[in-house]
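In our numbering, the protein residues as written are 4 to 305.
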């Protein structure tokens with residue numbers, strides 16, 4: 004395969020990945036219409052993701068990477084931490100879906116790339132240019148505006164940003180292919196998820212298939228595939244396209260989530276909240292302009 008074809012393939016993989024993530028509110032929407040709490044949805048998501056990744060590991064014969072990780076206690080401890088972080092991220096996101104807080108969830112993913120830049124500076128001692136500093140200040144101002152004048156601390160956005168940003172940092176420091184890594188994370192979370200489901204059953208609070216309609220059951224059963232496949236598409240796309248293009252494409256997801264919140268969930272942005280969101284969007288615009296400017300420098304010098 005020539006380089007141009009490889010690049011196009013990476014572009015298609017990445018586009019499909021971010022569109023799927025952006026449509027997640029629509030995917031989970033049927034469960035918004037049920038009384039099933041976010042904690043049970045999360046536990047089922049962990050269960051079906053663990054089983055789905057096991058099937059893929061066996062089919063693709065990637066068990067050796069898992070076995071090697073199990074023999075390294077320090078690496079395993081890292082994946083315990085990353086599993087807890089992605090579990091928290093899933094829980095907060097599902098809670099936002101169930102409680103009609105999709106706009107705030109989208110805000111978290113608008114901010115996340117900027118938070119990753121901040122973590123790179125603080126933890127990895129990476130350089131921070133003037134454009135990135137301006138973007139971070141604008142994003143911080145947007146959060147501060149939502150927390151003080153608007154009187155609404157966007158804790159959903161903050162938790163989603165922090166959990167996913169830290170998760171990305173940890174996975175960068177302990178690299179492993181996407182599928183074996185997710186397999187480890189879900190199977191390390193599975194005992195907790197299983198114990199919680201058993202406790203719910205003992206209390207008579209477990210939502211079984213009989214309490215849900217066929218579409219809601221299909222959403223739960225398909226959650227393993229819905230969780231795993233976009234991640235594999237992302238990993239495949241990231242290997243084939245530039246980081247700057249990936250940085251632009253990642254904003255497809257929160258944009259689609261924002262539209263879902265407005266059009267499907269019927270959420271509204273009052274003037275006070277809109278001001279905070281506009282500040283964050285300005286930060287995103289500055290950040291993207293910086294990426295484009297940085298990408299154009301080599302071409303000018305060549």
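All residues carry an ideal CB built from backbone N, CA and C; glycine is no exception.
Item	Value
Output the distance between the C-alpha atoms of residue 130 and residue 164, rounded to the nearest integer angstrom.	21 Å
Exposed or buried, what is residue 263 when buried is set at 16 or more other beta-carbons lying within 10 Å of its beta-carbon?	buried
Kindly indicate the opening and closing residues of the alpha helix (DSSP H) around residue 263.	255-266
With distances taken from CA atoms, which of 18, 168, 203 is nearest residue 113?	168
Give a yes or no on whether the C-beta atoms belonging to residue 132 and residue 293 are separated by under 8 Å.	yes
Using CA coordinates, which residue listed in 34, 9, 289 is at the minimum distance from residue 99?	34
Can you give me the Cβ contacts of residue 180 inside the same chain, cut-off strictly under 8 Å, excluding the 5 residues immediately before and after it?	65, 68, 238
Please report the straight-line C-alpha distance between residue 251 and residue 296, rounded to a whole angstrom.	12 Å
Within 10 angstroms of the Cβ of residue 212, are there 16 or more other Cβ atoms? Answer buried if so, exposed if not.	exposed
Assess contact between the region 140-147 and the region 267-284, defined as three or more Cβ pairs (one per stretch) separated by less than 8 Å. Is contact present?	yes
Can you tell which of 235, 223, 230, 92 has its C-alpha closest to the C-alpha of residue 162?	92
Starting from residue 207 and walking both ways along the alpha helix (DSSP H), at which residues does that stretch end?	Segment: none, residue 207 is in no alpha helix (DSSP H) and carries neither H nor E.
Residue 68 by DSSP, collapsed to three states: which one?	helix
Would you kindly work out how many angstroms separate the C-alpha atoms of residue 188 and residue 243, rounded to a whole number?	25 Å
Span of the alpha helix (DSSP H) holding residue 217?	217-224
How many angstroms separate the CA atom of residue 105 from the CA atom of residue 236?	24 Å
With distances taken between CB atoms, is the gap from residue 240 to residue 20 smaller than 8 Å?	yes
Which residues in the same chain as residue 137 place their Cβ atom closer than 6 Å to its Cβ, once the five residues preceding and following it in sequence are excluded?	289
Report the residue from 90, 151, 193 whose alpha carbon sits nearest the alpha carbon of residue 279.	151
Roughly how many angstroms separate the alpha carbons of residue 199 and residue 58, rounded to a whole number?	24 Å
With distances taken Cα to Cα, identify the nearest neighbour of residue 76 among 193, 177, 227.	177
Express the C-alpha separation of residue 8 and residue 305 in angstroms, rounding to a whole number.	Confidence at residue 305 is low in this model, with a pLDDT of 38, below 50, so the placement of that residue is unreliable and no value is reported for it.
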